[in-house]
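Following: one structure in structure tokens, then a few remarks.
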Amino acid sequence: MRPDISVIIPTHNCGAYLGAALASVHAQTIAAHEVIVVDDGSTDDTPMVVAQAGGVVRYVRQANAGVAAARNRGLAMATGNWVLFLDADDVLEPRALEALGAEARGDVIVYGDKLTIDEGGTVLEQIVNRDCTGPVPAGARAHFGGAAFEPGSAIVPRGIALALDGFDPSFVRCEDRHFWVRCGALVEFRHVPELVMRYRKRSGSMSTHRVLQVPALLAIWDDGYGISVPEQIELTKGDVGRILEGFGRHVGARAGLAVHSVRGWDYAALCSTFLDAAEQVRRDQAPAIV
Numbered sequence: 004m005r006p007d008i009s010v011i012i013p014t015h016n017c018g019a020y021l022g023a024a025l026a027s028v029h030a031q032t033i034a035a036h037e038v039i040v041v042d043d044g045s046t047d048d049t050p051m052v053v054a055q056a057g058g059v060v061r062y063v064r065q066a067n068a069g070v071a072a073a074r075n076r077g078l079a080m081a082t083g084n085w086v087l088f089l090d091a092d093d094v095l096e097p098r099a100l101e102a103l104g105a106e107a108r109g110d111v112i113v114y115g116d117k118l119t120i121d122e123g124g125t126v127l128e129q130i131v132n133r134d135c136t137g138p139v140p141a142g143a144r145a146h147f148g149g150a151a152f153e154p155g156s157a158i159v160p161r162g163i164a165l166a167l168d169g170f171d172p173s174f175v176r177c178e179d180r181h182f183w184v185r186c187g188a189l190v191e192f193r194h195v196p197e198l199v200m201r202y203r204k205r206s207g208s209m210s211t212h213r214v215l216q217v218p219a220l221l222a223i224w225d226d227g228y229g230i231s232v233p234e235q236i237e238l239t240k241g242d243v244g245r246i247l248e249g250f251g252r253h254v255g256a257r258a259g260l261a262v263h264s265v266r267g268w269d270y271a272a273l274c275s276t277f278l279d280a281a282e283q284v285r286r287d288q289a290p291a292i293v
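Rendered as structure tokens:
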């Protein structure tokens, strides 16, 4: 039986891109169960874009509360058995829902691959999302140590998302990684080797300044899985240190630090060093970051 997939689009002043996102949902080879747009306090032409988009869209507007709260508002409204959270500046490939839905069996996160595009829609590269498959908590561990895949590249059982209370609004950044980590502590991830979305890389966006995500990343690592899990799969500080080794080089280079390895570092000192580096970069680059 074909799964009912609710597509939830949070948006804040993304009117320039929202029309393309909605068009990509309406152009699916199998129809979405419903399309929900949560306007997170936009001051641009977002309402007009939604009105002119065509198709049936459930539109709700709220005071600006952040992307996590906007996704959660959409989740609370959703009636499909599965949900897909599509950012307003990204687009789905035509077979996305069909390809992901074909593997939607049981409590499992189903995810595919992506293309990255620039602001004008020109393709930059094709990316095979990292391997998050395997017994629980393989998906959680994968998102501790590597790049999290975009919410729009996966479908999630609505019951699982609700059980986790959705996205944590206290995370201004990396709320998606935190969500995937918690999902991975409960269920397995299943990979579909097919392009399902186009992720738009916008100049000045937070994703282009990864070092500034460090405080949120450290909060996720310090939080562990974010939920209670059996003792045998809990992460230790040693696990976190090993996971940080490669990431430490990246952050060190971006922050101008002579960081060659974080293995064996004192955890508290490591956190302090990373946070200091992130704050320095934030001060240096703040005018260019949106």
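Residue 117 in my numbering sits at position 114 of the sequence shown, and the numbers go up by one each step.
For every residue, glycine included, the Cβ atom is placed at its ideal position computed from N, Cα and C.
Just so we're clear, the structure is a prediction, and the values are computed from it rather than from any experiment.
Shown here for GLY169: same chain residues with a beta carbon closer than 7 Å to its own, the five before and five after excluded, namely ARG74, ASN75 and LEU78 in chain order.
Counted as a single uninterrupted DSSP element, the stretch harbouring ILE33 is not any alpha helix (DSSP H), since DSSP gives it neither H nor E. Between the alpha carbons of ASP134 and ALA81 lies a gap of roughly 29 Å. Counting along the chain, the unbroken alpha helix (DSSP H) around VAL52 starts and ends at 49–55. One Cα belongs to PHE152, the other to ALA141, and the distance between them is close to 14 Å.
Three or more beta-carbon pairs separated by less than 8 Å link the region 53–61 to the region 19–34, which places the two stretches in contact. Taking the CA atoms as reference points, ARG176 sits about 29 Å from HIS36. The beta carbons of ILE33 and LEU100 sit closer together than 7 Å.
Looking at the backbone, the Cα of ASN67 and that of ARG108 are separated by about 35 Å.
Cβ neighbours of PRO196 within its own chain (closer than 8 Å, five residues either side excluded): GLY115, ASP116 and VAL131. It is roughly 25 Å from the alpha-carbon of VAL86 to the alpha-carbon of ARG205. Within the model, the alpha-carbon separation for ASP110 versus SER173 is close to 26 Å. As a beta-bridge residue in DSSP terms, HIS194 pairs with TYR114.
Counting the other CB atoms within 10 Å of its CB gives PRO138 a total below 16, which places it among the exposed residues. As the crow flies, the alpha-carbon of PHE88 is around 10 Å from that of VAL38. The continuous beta strand (DSSP E) containing PHE88 extends over residues 85–88.
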